[in-house]
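Numbering (the numbering used here), first residue to last: -19 to 115.
Here it is as C-alpha coordinates:
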(Lines of atoms letter the chains of each structure in order from A and count residues from 1; the text may use other names and numbers.)
(Lines give C-alpha, C1' and ligand atoms only; values in the text may rest on other atoms or scores of the structure.)
Protein backbone atom coordinates (compact mmCIF):
# COMPACT_ATOMS: atom_id res chain seq x y z
CA UNK A 1 0.00 0.00 0.00
CA UNK A 2 1.58 3.25 -1.18
CA UNK A 3 5.10 1.97 -0.42
CA UNK A 4 7.98 0.92 -2.65
CA UNK A 5 11.06 -1.11 -1.79
CA UNK A 6 14.17 0.94 -2.60
CA UNK A 7 16.87 -1.37 -1.19
CA UNK A 8 17.37 -4.38 1.07
CA UNK A 9 20.38 -5.16 3.26
CA UNK A 10 22.03 -8.54 3.66
CA UNK A 11 20.75 -10.66 6.53
CA UNK A 12 22.67 -11.19 9.76
CA UNK A 13 22.34 -13.75 12.55
CA UNK A 14 22.76 -12.58 16.13
CA UNK A 15 22.24 -13.84 19.64
CA UNK A 16 18.75 -13.06 20.89
CA UNK A 17 18.10 -9.93 22.92
CA UNK A 18 16.71 -10.79 26.33
CA UNK A 19 16.15 -14.46 27.20
CA UNK A 20 18.89 -16.61 25.70
CA UNK A 21 16.80 -19.83 25.64
CA UNK A 22 15.69 -19.21 22.07
CA UNK A 23 17.21 -19.52 18.60
CA UNK A 24 19.45 -16.85 17.10
CA UNK A 25 17.64 -13.95 15.49
CA UNK A 26 17.90 -13.15 11.77
CA UNK A 27 18.09 -9.42 11.11
CA UNK A 28 18.04 -7.14 8.12
CA UNK A 29 16.82 -3.73 7.04
CA UNK A 30 14.99 -2.27 4.08
CA UNK A 31 14.75 1.22 2.68
CA UNK A 32 11.19 2.07 1.70
CA UNK A 33 9.72 5.02 -0.14
CA UNK A 34 6.20 5.59 1.18
CA UNK A 35 3.26 7.96 1.07
CA UNK A 36 2.10 6.66 4.46
CA UNK A 37 2.54 8.51 7.73
CA UNK A 38 4.85 6.93 10.30
CA UNK A 39 1.85 5.66 12.28
CA UNK A 40 0.17 4.26 9.16
CA UNK A 41 3.40 2.46 8.27
CA UNK A 42 3.61 1.07 11.80
CA UNK A 43 0.04 -0.23 11.44
CA UNK A 44 1.02 -1.96 8.18
CA UNK A 45 4.13 -3.51 9.75
CA UNK A 46 2.09 -4.84 12.68
CA UNK A 47 -0.53 -6.26 10.29
CA UNK A 48 2.25 -8.10 8.42
CA UNK A 49 3.55 -9.49 11.73
CA UNK A 50 0.07 -10.74 12.65
CA UNK A 51 -0.40 -12.29 9.21
CA UNK A 52 2.78 -14.29 9.88
CA UNK A 53 1.53 -15.56 13.24
CA UNK A 54 3.24 -13.07 15.53
CA UNK A 55 2.08 -13.45 19.12
CA UNK A 56 3.36 -11.11 21.80
CA UNK A 57 3.56 -13.61 24.65
CA UNK A 58 6.88 -12.83 26.34
CA UNK A 59 8.83 -9.56 26.20
CA UNK A 60 11.88 -10.19 23.98
CA UNK A 61 10.70 -13.78 23.56
CA UNK A 62 10.70 -15.91 20.41
CA UNK A 63 8.72 -14.54 17.50
CA UNK A 64 7.96 -15.55 13.95
CA UNK A 65 8.55 -12.03 12.69
CA UNK A 66 9.51 -8.69 14.25
CA UNK A 67 9.27 -5.61 12.04
CA UNK A 68 10.51 -2.35 13.55
CA UNK A 69 10.28 1.17 12.18
CA UNK A 70 13.85 2.35 12.78
CA UNK A 71 13.89 5.69 10.97
CA UNK A 72 11.36 7.76 9.07
CA UNK A 73 13.36 10.20 6.99
CA UNK A 74 14.58 12.97 9.26
CA UNK A 75 11.45 12.76 11.44
CA UNK A 76 11.67 12.51 15.21
CA UNK A 77 8.65 11.07 17.04
CA UNK A 78 8.04 10.02 20.62
CA UNK A 79 4.50 9.13 21.61
CA UNK A 80 2.67 6.26 23.28
CA UNK A 81 2.81 4.09 20.13
CA UNK A 82 6.01 4.98 18.37
CA UNK A 83 9.50 6.31 18.97
CA UNK A 84 11.55 7.31 15.91
CA UNK A 85 14.47 6.92 15.67
CA UNK A 86 13.97 3.54 17.35
CA UNK A 87 14.80 3.87 21.06
CA UNK A 88 17.39 1.04 21.07
CA UNK A 89 18.91 1.71 17.65
CA UNK A 90 22.26 2.92 19.03
CA UNK A 91 22.69 -0.19 21.21
CA UNK A 92 22.07 -2.86 18.58
CA UNK A 93 24.76 -3.86 16.12
CA UNK A 94 22.21 -6.06 14.34
CA UNK A 95 20.28 -2.89 13.50
CA UNK A 96 23.18 -0.54 12.81
CA UNK A 97 25.12 -2.83 10.46
CA UNK A 98 22.20 -3.45 8.06
CA UNK A 99 21.50 0.30 8.05
CA UNK A 100 25.14 0.95 7.14
CA UNK A 101 24.92 -1.62 4.36
CA UNK A 102 22.04 0.39 2.90
CA UNK A 103 23.50 3.86 3.46
CA UNK A 104 27.13 4.11 4.66
CA UNK A 105 26.86 7.90 5.18
CA UNK A 106 23.52 7.75 7.04
CA UNK A 107 22.96 10.19 9.90
CA UNK A 108 20.15 10.35 12.43
CA UNK A 109 17.86 13.39 12.61
CA UNK A 110 20.12 14.87 15.33
CA UNK A 111 23.16 14.59 13.03
CA UNK A 112 24.68 11.54 14.72
CA UNK A 113 26.55 9.29 12.29
CA UNK A 114 25.26 5.71 12.15
CA UNK A 115 28.83 4.59 11.35
CA UNK A 116 30.07 6.24 14.55
CA UNK A 117 27.31 4.57 16.57
CA UNK A 118 28.29 1.21 15.07
CA UNK A 119 31.93 1.67 16.08
CA UNK A 120 30.89 2.14 19.71
CA UNK A 121 28.08 -0.41 19.82
CA UNK A 122 28.26 -3.49 22.06
CA UNK A 123 29.14 -6.67 20.14
CA UNK A 124 26.31 -9.18 19.79
CA UNK A 125 28.36 -11.72 17.79
CA UNK A 126 26.81 -10.60 14.51
CA UNK A 127 27.31 -13.02 11.60
CA UNK A 128 26.55 -12.10 8.00
CA UNK A 129 24.52 -14.86 6.36
CA UNK A 130 25.32 -16.06 2.85
CA UNK A 131 22.92 -14.85 0.19
CA UNK A 132 21.39 -18.31 -0.29
CA UNK A 133 20.57 -18.46 3.44
CA UNK A 134 18.25 -15.45 3.29
CA UNK A 135 14.71 -16.24 4.42
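We treat Cβ as the ideally placed atom computed from N, Cα and C, and that holds for glycine.
Handout entry: Segments assigned alpha helix (DSSP H), at least 4 residues, entirely inside the stretch 19 to 88
Key = 73 to 82
Exercise for the section: Using the Cα positions of residue 102 and residue 31, report the straight-line distance between them to the nearest angstrom. Expected result: Locating residue 102 in the chain shown gives position 122, where the first residue counts as 1. Locating residue 31 in the chain shown gives position 51, where the first residue counts as 1. Roughly 33 Å separates the two Cα atoms.
Practice task
Say yes only if the C-beta of residue 91 is nearer than 8 Å to one or more non-hydrogen atoms of the ligand NAP, and no if none qualify.
Solution key: Among the ligands in the structure shown, none appear at all, so the ligand NAP cannot be discussed.
Practice task
Could you tell me if residue 72 is buried or exposed, where buried requires 16 or more neighbouring beta carbons within 10 angstroms of its beta carbon?
Solution key: Along the chain shown, read from residue 1 onward, the residue named residue 72 stands at position 92. Result: buried.
Handout entry: Bounding residues of the beta strand (DSSP E) (the contiguous stretch that carries residue -7)
Key = Here residue -7 refers to the residue found at position 13 of the chain shown. Run containing residue -7: -8 to -6, per the beta strand (DSSP E) assignment.
Problem - CA nearest to the CA of residue 80, picked from 66, 89 and 95 - result: Your numbering for residue 80 matches position 100 in the chain shown. Comparing Cα-Cα distances from residue 80 to each of 66, 89 and 95, the minimum goes to 95.
Practice task
Have a look at residue 52 and residue -14 and give me their C-alpha separation to the nearest angstrom.
Solution key: Indexing the chain shown from 1 puts residue 52 at position 72. Indexing the chain shown from 1 puts residue -14 at position 6. C-alpha separation (whole angstroms): 14 Å.
Handout entry: Start-to-end residues for the alpha helix (DSSP H) that takes in residue -3
Key = Stepping through the chain shown from its first residue, residue -3 is reached at position 17. No alpha helix (DSSP H) holds residue -3; DSSP gives it neither H nor E.
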